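Asks: In mature numbering (1 follows the signal peptide of the UniProt record, and there is no 0), the protein residues as written are -20 to -1, 1 to 172. Mind having a look at this structure? Questions to follow.
Structure follows, in structure tokens:
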């Protein structure tokens, strides 16, 4: 029984819910693991074998603001969010719209873009599960633009603050608007 107080102190460390804050893991690795599909121009795609597009450049800027390297991992729709949820990837930057279902499973960044729903619908040839692409098939022309966010594992408030601060710096100095104009034209309106 003498060891009971010591064991009680160790219990939080043994809990499966206890984990290092995501920002610490990212800083230790020196890289931000970003999942994307790389098949949806102008958001993310390969050109001459090299990743490019709006979200690729955004991921590079965010990693730079976090003072780490961007490590892009090309995956499919079925692995995109489950990989983030399991910790295989840190974030997914793949034109993912904020929905109540997404908010239940993940914490997210602030909104980084409100692109025209028609732009997204025309780029997606078939609905992709869990990437919210199905919400981009507008029934009416006046459907509101989706709020694009970056999902990551729940329970990482320091990472959320770091990511949102990085995103705010990119917005405030005009880089996000320039990126939006470059890749999305007039249809790509960046978040507030």
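For each residue, glycine too, the CB sits at the ideal point set by N, CA and C. No experiment lies behind these values; they were computed from the predicted model shown.
(1) Taking only runs that begin and end inside the region 7 to 86, name each unbroken alpha helix (DSSP H) of 4 or more residues, in chain order.
(2) For the alpha helix (DSSP H) holding residue 142, just list the boundary residues, first then last.
(3) Could you tell me whether the region 43 to 55 touches the region 6 to 16, where touching means 3 or more Cβ pairs closer than 8 Å?
(4) Residue 83 and residue 126 - do their beta-carbons sit closer together than 8 Å?
(5) Have a look at residue 142 and residue 3 and give me their C-alpha separation to the nearest angstrom.
(6) Please report the distance separating the alpha-carbon of residue 63 from that of residue 32.
(7) Have a look at residue 132 and residue 148 and give me their C-alpha separation to the nearest angstrom.
(8) Quick one: what does DSSP say residue 89 is sitting in, helix, strand or coil?
(9) What number of angstroms, rounded off, separates the C-alpha of residue 104 from the C-alpha of residue 20?
(10) Can you say whether residue 140 is buried or exposed, counting buried as having 16 or more other CB atoms within 10 angstroms of its CB?
(11) To which residues of the same chain is residue 39 closer than 7 Å at the C-beta, ignoring the five residues directly before and after it?
(12) Could you compute how far the alpha carbon of residue 175 sits from the alpha carbon of residue 29?
(13) Could you spell out the range, first to last residue, of the alpha helix (DSSP H) harbouring residue 161?
(14) Roughly how many whole angstroms lie between the Cα atoms of residue 156 and residue 44?
Replies: In brief:
(1) List check, alpha helix (DSSP H) in window: 34 to 45, 57 to 66, 80 to 85.
(2) Counting along the chain, residue 142 sits inside the alpha helix (DSSP H) bounded by residues 137 to 152.
(3) Yes, since at least three Cβ pairs between the region 43 to 55 and the region 6 to 16 fall closer than 8 Å, the two stretches touch.
(4) By the CB criterion at 8 Å, residue 126 and residue 83 fall outside the cutoff.
(5) For residue 142 and residue 3, the gap between their C-alpha atoms comes out near 8 Å.
(6) Cα to Cα, the separation comes out at about 22 Å.
(7) Taking C-alpha positions only, residue 132 is separated from residue 148 by approximately 17 Å.
(8) Under the three-state reduction of DSSP, residue 89 is assigned to coil, being neither helix nor strand.
(9) Residue confidence is low: residue 104 scores 43 on pLDDT, short of 50, so the model does not pin down where it sits. No coordinate-derived value is stated.
(10) When all chains shown are included, residue 140 counts as buried.
(11) So the qualifying residues of the chain are 14, 50, 52, 73.
(12) Any property of residue 175 remains undetermined from this structure, which presents the chain solely from -20 to 172.
(13) Where residue 161 is concerned, the enclosing alpha helix (DSSP H) starts and stops at 155 to 164.
(14) Computed Cα separation, rounded: 14 Å.
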